[in-house]
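Chemist:
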Amino acid sequence: MKINNFNSNEKILRYTNKIDYFLNSHKTLIVTELDLTNKCNHLCPGCCGNNENNAELSKNQVEIVVENLKNMDNKGVILSGGGEPTISPHFEYAIRLIKNAGMNIGLNSHGMNLDDAKCELIATNLEYFRISLDAGSPEMYLKIHGMKPQHFQKTLDNIEKFAKLKQKIGSKISFGVGFLTSKLTECDMENFVKIVKERGADFAQFRPFTGDTLDISDKLESLKSTYEDENFKIVASYQKYKEMQNIENRGYTKCHGMFFSTVISADFKVWACLHFRQSERHFLGDLREQSLESIWRGARIREVYNNINCHECPILCRNDSFNKTLDKLSLDIVNSEFL
Ligand SMILES: C[S@@+](CC[C@H](N)C(=O)[O-])C[C@H]1O[C@@H](n2cnc3c(N)ncnc32)[C@H](O)[C@@H]1O
């Protein structure tokens, strides 16, 4: 006769595959932020990227990264930085390789160095393209990107050029322009929306500067009601802005998300968090010495996981929302088999 012993502490040991996925972390990877280069020709004073070592992935390293990501069954690759991905000599090669490996690609770029060939490459191969403008005037552009009025103008022209090409070739890419919010930039929000909409982007996106707590929800509502239409949307992490009132309580103490979302920097190293590139405590491994698979199976990743103190992390970080969800994995659940 079989009688339930209610010994969940032992039952759980039957699910070694589940524990392996979560704790040993094999093939948990879903999204990877990939820095092709640390070089950048913008001068953003508050840049959260890391270009201190000017490193750049070689063609062979790009090949190894893609092979590694494929082996991990990674789904999405965000080309970002670090530096400016469009000035990497292997920008096109990397896109073609990642695409051929069956992964979807997003791109964050300052958008100043686009030419016709790059526009076409992006429009035909990527899922999303976001230009970081972060200003609605040349004056604000100088403050946030450290760049001159002619660079602001060139970027606006490129936004228009890309929007036109997208329409001409019927590309389904989601094309938007980003704006980082803070007390300093708040005054440019409306002008930013206007100029982005006029140039034909699909969306304007607002995000807070890392660690900033200015709640712009009311302003967003008013901008949405004035400027949104069927061809133009204003997007933002509304959840993030709402949660600014309650940032004391993250709702979790461990960064579970680091197993699902990672960063490969332009010096061929892997980090637990995009906010902590080049931080020893967040270093997972060097791809010169180990594959992603062996990093994910190894002891170091769990050591980092155990040592990260989420109280020291930026508020509302990239992994924040799914950390909250993943934290529920450790809840005591009665009769979980009866879904
Ligand atoms: C560091 S940039 C590198 C990629 C590319 N050069 C660009 O301009 O998008 C990556 C993203 O980080 C954002 N960023 C830069 N500094 C930031 C900060 N202090 N807080 C939050 N985001 C920041 C930029 O707006 C951009 O979307």
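Heads up, the sequence shown is in my numbering, so the first residue is 15 and it goes up one at a time.
Backbone N, C-alpha and C fix where the C-beta goes; we use that ideal spot for every residue, glycine too.
Only a predicted model underlies this, so the values are computations on that prediction, with no experimental measurement involved.
(1) What are the residues that DSSP puts in a beta bridge with residue 310?
(2) Just tell me which of 85, 86, 79 and 124 has its CA closest to the CA of residue 109.
(3) Would you call the CB atoms of residue 280 and residue 125 closer than 8 Å?
(4) Identify which residue in 340, 225 and 321 has its Cα closest to the Cα of residue 329.
(5) Do you know how far the Cα of residue 299 is from the Cα of residue 292?
(6) Going by the beta-carbon positions, is the gap between residue 324 and residue 289 smaller than 8 Å?
(7) Determine contact between the segment 227-239 and the segment 174-186, defined as no fewer than three beta-carbon pairs at a distance below 8 Å.
(8) List in chain order: all unbroken alpha helix (DSSP H) runs of 4+ residues lying wholly within the segment 60-122.
(9) Hey, would you say residue 51 sits closer than 8 Å to residue 88, going by beta carbons?
(10) Fully enclosed by the segment 191-229, which beta strand (DSSP E) runs are 3 residues long or longer?
(11) Could you name the residues of the same chain whose beta carbon sits closer than 7 Å to that of residue 170, not counting the 5 residues immediately before and after it, in chain order?
(12) Which partner residues of residue 160 appear in the DSSP bridge assignment?
(13) Given a threshold of 16 other Cβ atoms within 10 Å of its Cβ, counted over all protein chains shown, does residue 201 qualify as buried or as exposed?
(14) Is residue 220 buried or exposed, if buried means 16 or more other CB atoms sit within 10 Å of its CB?
(15) With 16 other CB atoms within 10 Å as the buried threshold, where does residue 345 fall?
(16) How far does the alpha helix (DSSP H) with residue 138 in it extend, from its first residue to its last?
(17) Going by the C-beta, is residue 124 closer than 7 Å to any heavy atom of ligand 1?
(18) Is residue 62 near ligand 1, going by C-beta to nearest heavy atom under 7 Å?
(19) Report whether the distance from the Cβ of residue 192 to the nearest heavy atom of ligand 1 is below 7 Å.
Modeler: With the given structure in hand:
(1) Note: residue 310 sits in no beta bridge, so no partner.
(2) 79
(3) no
(4) 225
(5) Rounded to whole angstroms, residue 292 to residue 299 spans 11 Å at the Cα level.
(6) no
(7) no
(8) 73-85 and 105-114
(9) no
(10) 217-222
(11) 209 and 213
(12) Under DSSP, no beta-bridge partner is assigned to residue 160.
(13) Note on residue 201: under 16 other CB atoms within 10 angstroms of its CB, so exposed under the neighbour-count rule.
(14) buried
(15) exposed
(16) 130-139
(17) For residue 124, the CB falls within less than 7 Å of some heavy atom of ligand 1.
(18) For ligand 1, at least one heavy atom lies less than 7 Å from the Cβ of residue 62.
(19) yes
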